[in-house]
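> Structure incoming, see below.
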Amino acid sequence: GDFPIETDTLVVGAGPGGYVAAIRAAQLGQKVTIVEKNVLGGVCLNVGCIPSKALIAAGHRYETAKHSDSIGIIAENVVVDFSKVQAWKAGVVKKLTGGVEGLLKGNKVDIVRGEAYFVDSNTVRVMDENSAQTYKFKNAIIATGSRPIELPAFKYTKRVLDSTGALALEEIPNHIVVIGGGYIGTELGGAYANFGTKVTILEGTDQILNGFEKQMSSIVAKNLKSKGAEIITKALAKGVEEREDGVTVRYEANGEEKTVDADYVFVMVGRRPNTDELGLEQAGVELTDRGIIKIDKKCRTNVSNIFAIGDVVEGPPLAHKASYEGKIAAEVIAGHNSEIDYLGIPAVVFSDPELASVGYTEQQAKEEGIDVIAAKFPFAANGRALALDNTDGFVKLVTRKEDGLVIGAQIAGPSASDMIAELGLAIEAGMTAEDLAMTIHAHPTLGEITMEAAEVALGSPIHVV
Ligand code: FAD
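Offset between the sequence shown (1-based) and the UniProt record's numbering: plus 3.
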């Protein structure tokens with residue numbers, strides 16, 4: 004064999020979990036090695052969060068250019084050059100992944116290209132096409148992420164696509180079928196609907212975005228339908244026939260078997276953790292029966308010097324959760340007394356309009372026996388929302404009845420993804436409805452909606468009766 008290379012902290016996977024963990028560990032004085040078998044930035048930067056948001060933004064520009072007659076803007080012959088959209092999107096990704104490389108190097112993290120495989124609880128082998136190298140580590144952080152689930156009846160092909168394929172189309176399709184109305188299916192279906200594609204969503208439960216309250220997801224469903232999308236709930240996708248120029252998808256709904264023809268079918272039914280080809284059994288790391296790595300509040304696995312973060316562990320598969328856990332794991336390795344606390348982690352969907360939630364919903368609070376006030380304020384009563392011609396949605400604040408403590412918030416509306424940050428802060432800082440109501444929000448801004456919702460909670464709103 005080869006001579007092993009020794010390192011303090013070895014991070015496997017350079018997605019938003021791994022690269023953040025590596026940087027923080029280096030900042031805290033560790034000698035850090037990060038191993039990546041594919042591209043820096045992981046799913047998020049390359050085929051997830053960032054390219055999807057670029058595609059969504061381009062779709063919005065097109066859609067608003069075409070549909071602004073009501074505010075006096077009449078644009079004729081608005082044309083999409085989709086290859087240029089794709090090239091722009093690729094440029095955004097490249098800028099960010101290049102940035103990650105610079106940050107890792109700037110923090111003196113050793114970047115190793117290849118696939119890591121655990122040999123025991125202190126050793127990995129890293130393999131690339133023509134070589135292998137052994138690394139000995141004191142601590143390791145597993146951040147290998149997840150990949151799309153493949154349905155047996157929907158093997159991926161050139162017309163049966165996962166999210167990566169859906170992001171990489173070379174032209175705008177006429178018609179797509181999306182299997183799964185979760186956040187990825189709804190975001191990408193929505194992006195193409197804005198480009199003029201006819202979208203059919205097949206969702207197994209009784210609503211799209213079923214992780215959110217129905218009063219939120221129904222606003223998104225209505226918006227999608229206004230763009231010609233069809234949402235078929237309680238639908239079971241059964242199979243697909245592929246032709247040279249399209250697909251026919253078979254599904255069952257209302258006890259009847261039906262078919263729908265389309266150019267492509269997007270299969271977006273969830274993701275599975277990348278824990279199966281890592282040699283974890285040789286390291287002694289325990290998994291749940293769903294292949295998820297078990298960790299404690301310090302991101303520690305059952306093996307005391309091996310940590311795990313991001314999509315390979317329990318919890319919402321979101322980039323900011325992966326990064327947050329990455330910082331915790333790095334700090335614990337450096338001897339800090341850090342622990343994960345998920346209450347302030349927001350969940351966001353970049354749909355039309357956006358949905359965002361942090362902390363408790365009214366329902367969850369009730370289930371835990373917490374007496375709450377749920378106070379709502381609509382975008383339609385806000386001057387800025389009106390002046391933006393964008394008035395669908397509301398802010399809902401969930402506060403504890405006894406003392407007004409903010410324990411949760413839900414937002415449906417334009418910029419919900421940014422507005423939720425204030426409410427995450429309120430939860431983290433232990434603020435009350437009064438604190439939010441007393442904070443002077445600039446006028447006219449969407450942020451005022453949050454202040455007004457707090458006033459509703461206190462029983463004395465100015466702009467609603
Ligand atoms: P990943 O990003 O999956 O990175 C894991 C890395 O590990 C990969 O680069 C992989 O190549 C590498 N790796 C795996 N095995 C090995 C090995 N044996 N050796 C070496 N390297 C290995 N989240 C949000 O918060 N907001 C969004 O808007 C959002 N949009 C999304 C849109 C889409 C279409 C998709 C698919 C996902 C989206 N997500 C979003 C989810 C987000 O991308 C993931 O939660 C996040 O990337 C998880 O980070 P991670 O670091 O755990 O893993």
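Cβ coordinates follow ideal geometry from the N, Cα and C atoms, glycine included.
Is A17 near the ligand FAD, with its Cβ less than 7 Å from a heavy atom?
Counting from 1 along the sequence shown, the entry for residue 17 is found at position 14. Within the cutoff, so yes.
> Can you confirm whether the region 179-190 touches the region 271-279 when touching is taken to mean that 3 or more C-beta pairs between the two stretches lie within less than 8 Å?
In short, these stretches touch, since the Cβ pair count reaches three.
> Which residue's Cα is closest to the Cα of C47: G313, A419, I234 and G287?
Indexing the sequence shown from 1 puts residue 47 at position 44. Among G313, A419, I234 and G287, the Cα nearest to that of C47 belongs to G313.
> Rounding to the nearest angstrom, what Cα-Cα distance links S229 and D355 in this structure?
By one-based count along the sequence shown, residue 229 stands at place 226. By one-based count along the sequence shown, residue 355 stands at place 352. Roughly 11 Å between the two C-alpha positions.
> Rounded to a whole number of angstroms, what is the C-alpha to C-alpha distance between A286 and A238?
Residue mapping note: residue 286 aligns to position 283 of the sequence shown, counting from 1. Residue mapping note: residue 238 aligns to position 235 of the sequence shown, counting from 1. When rounded, the distance between both Cα atoms is 42 Å.
> Is N197 close to the ligand FAD? I mean its beta-carbon at under 7 Å from any heavy atom of the ligand.
Counting from 1 along the sequence shown, the entry for residue 197 is found at position 194. No, the Cβ of N197 stays beyond 7 Å of every heavy atom of the ligand FAD.
> Using CA atoms only, rank isn't needed, just tell me which of K241, E244, D266 and G193 is closest to E233.
Working through the sequence shown from its first residue, we reach residue 233 at position 230. Nearest option by C-alpha distance: G193.
> Let me know if K330 comes out buried or exposed under the rule of 16 or more other beta-carbons within 10 Å of its beta-carbon.
Position 327 of the sequence shown, counted from the start, is the residue given in the question as residue 330. With 16 or more Cβ atoms within 10 Å of its Cβ, K330 is classed as buried.
> Using DSSP's beta-bridge definition, name the partner residues of R253.
On the sequence shown, position 250 is the one that residue 253 refers to. Answer is G242 and T262.
> Please return the same chain residues whose Cβ sits closer than 7 Å to the Cβ of G199, not counting the five positions on each side in sequence.
Indexing the sequence shown from 1 puts residue 199 at position 196. Counting only Cβ-Cβ distances below 7 Å, and skipping sequence neighbours, we find I175.
> Give the single residue among A378, G109, Q30 and Y363 whose Cα lies nearest to the Cα of G372.
Numbered from its first residue, the sequence shown carries residue 372 at position 369. Among A378, G109, Q30 and Y363, the Cα nearest to that of G372 is on Y363.
> Note down, in chain order, each residue of its chain lying with its Cβ closer than 6 Å to the Cβ of F85, except the 5 sequence neighbours on either side.
Locating residue 85 in the sequence shown gives position 82, counting from the first residue. Hits under 6 Å: E174 and I175.
> Report yes if the C-beta of S220 is less than 7 Å from at least one heavy atom of the ligand FAD; otherwise report no.
As a first step, residue 220 must be located in the sequence shown, where it is residue number 217. Flag unset: Cβ of S220 not near the ligand FAD.
> Do you know whose CA, among A350, P151 and A332, lies nearest F215's CA?
As a working mapping, residue 215 is identified with position 212 in the sequence shown. Cα-wise, what sits closest to F215 is A350.
> State the Cα-Cα distance for the pair A390 and R64, rounded to the nearest angstrom.
In the sequence shown, the residue the question calls residue 390 occupies position 387. In the sequence shown, the residue the question calls residue 64 occupies position 61. Each residue's Cα considered, the two are about 18 Å apart.
> By the 10 Å Cβ neighbour count, where 16 or more other Cβ atoms means buried, how is S326 classified, buried or exposed?
Within the sequence shown, numbered from 1, the residue matching residue 326 stands at position 323. Buried: at least 16 other Cβ atoms inside 10 Å.
> Below 7 Å, is the gap between the Cβ of G21 and the nearest heavy atom of the ligand FAD?
Here the question's residue 21 lines up with position 18 in the sequence shown. Checking every heavy atom of the ligand FAD against the Cβ of G21, one is found closer than 7 Å.
> Could you pull the start and end residues of the beta strand (DSSP E) that V351 belongs to?
Looking up residue 351 in the sequence shown gives position 348. It spans A350 to V352 - the beta strand (DSSP E) in which V351 sits, taken as one unbroken run.
> Expressed to the nearest angstrom, what Euclidean distance is found between the alpha-carbon atoms of N308 and W91?
Numbered from its first residue, the sequence shown carries residue 308 at position 305. Numbered from its first residue, the sequence shown carries residue 91 at position 88. Taking the straight line from one Cα to the other gives about 42 Å.
> Using a threshold of 8 Å, state whether the C-beta atoms of I59 and F382 are closer than that.
As a position in the sequence shown, residue 59 is number 56, starting the count at 1. As a position in the sequence shown, residue 382 is number 379, starting the count at 1. Going by C-beta atoms, I59 is not nearer than 8 Å to F382.
> Check whether the Cβ of K56 lies closer than 7 Å to any heavy atom of the ligand FAD, and answer yes or no.
One-based indexing of the sequence shown puts residue 56 at position 53. Yes, since a heavy atom of the ligand FAD falls inside the 7 Å radius drawn around the Cβ of K56.
> Quick check on V42: does DSSP put it in helix, strand or coil?
Working through the sequence shown from its first residue, we reach residue 42 at position 39. Note: V42 maps to coil in three-state DSSP.
> Pull the bridge partners of M130 from the DSSP assignment, please.
Indexing the sequence shown from 1 puts residue 130 at position 127. According to DSSP, which records beta bridges pairwise, M130 is partnered with E118 and A135.
> With distances taken between CB atoms, is the gap from E289 to N305 smaller than 8 Å?
Sequence index remark: in the sequence shown, residue 289 carries index 286 (1-based). Sequence index remark: in the sequence shown, residue 305 carries index 302 (1-based). For E289 and N305, yes; Cβs fall inside 8 Å.
> Does the distance from the CB of V250 to the CB of V163 come in under 8 Å?
Within the sequence shown, residue 250 is the residue found at index 247, counting from 1. Within the sequence shown, residue 163 is the residue found at index 160, counting from 1. It is a contact, given that the beta carbons lie within the stated cut-off.
> Need the endpoints of the beta strand (DSSP E) that I414 sits in, please.
To locate residue 414, count along the sequence shown from 1; it is residue 411. Note, I414: beta strand (DSSP E), V409 to G416.
> Given 7 Å as the limit, tell me if A333 has its C-beta closer than that to any heavy atom belonging to the ligand FAD.
Start at 1 with the first residue of the sequence shown, and residue 333 comes out as number 330. No.
> Quick check on I452: does DSSP put it in helix, strand or coil?
As a working note, residue 452 is residue 449 in the sequence shown. If DSSP states are grouped into helix, strand and coil, I452 belongs with the helices.
> Given E244, which residues of its chain have a CB within under 6 Å of its CB, disregarding the five upstream and five downstream residues?
Within the sequence shown, the letter at position 241 stands for residue 244. So the list reads T251, once near-sequence residues are dropped.
> Taking the alpha-carbon of D209 as reference, which of L170, N257, H178 and A460 has the nearest alpha-carbon?
Position 206 of the sequence shown, counting from 1, holds the residue named residue 209. That would be N257, whose Cα lies nearest to the Cα of D209.
> So, is I296 buried or exposed, given that buried needs 16 or more other C-beta atoms within 10 angstroms?
By one-based count along the sequence shown, residue 296 stands at place 293. So I296 ends up on the buried side.
> Would you kindly check if the distance between the Cβ of V15 and the Cβ of T147 is under 8 Å?
Here residue 147 corresponds to residue number 144 of the sequence shown, with the count starting at 1. Here residue 15 corresponds to residue number 12 of the sequence shown, with the count starting at 1. Result yes, Cβ atoms of T147 and V15 sit closer than 8 Å.
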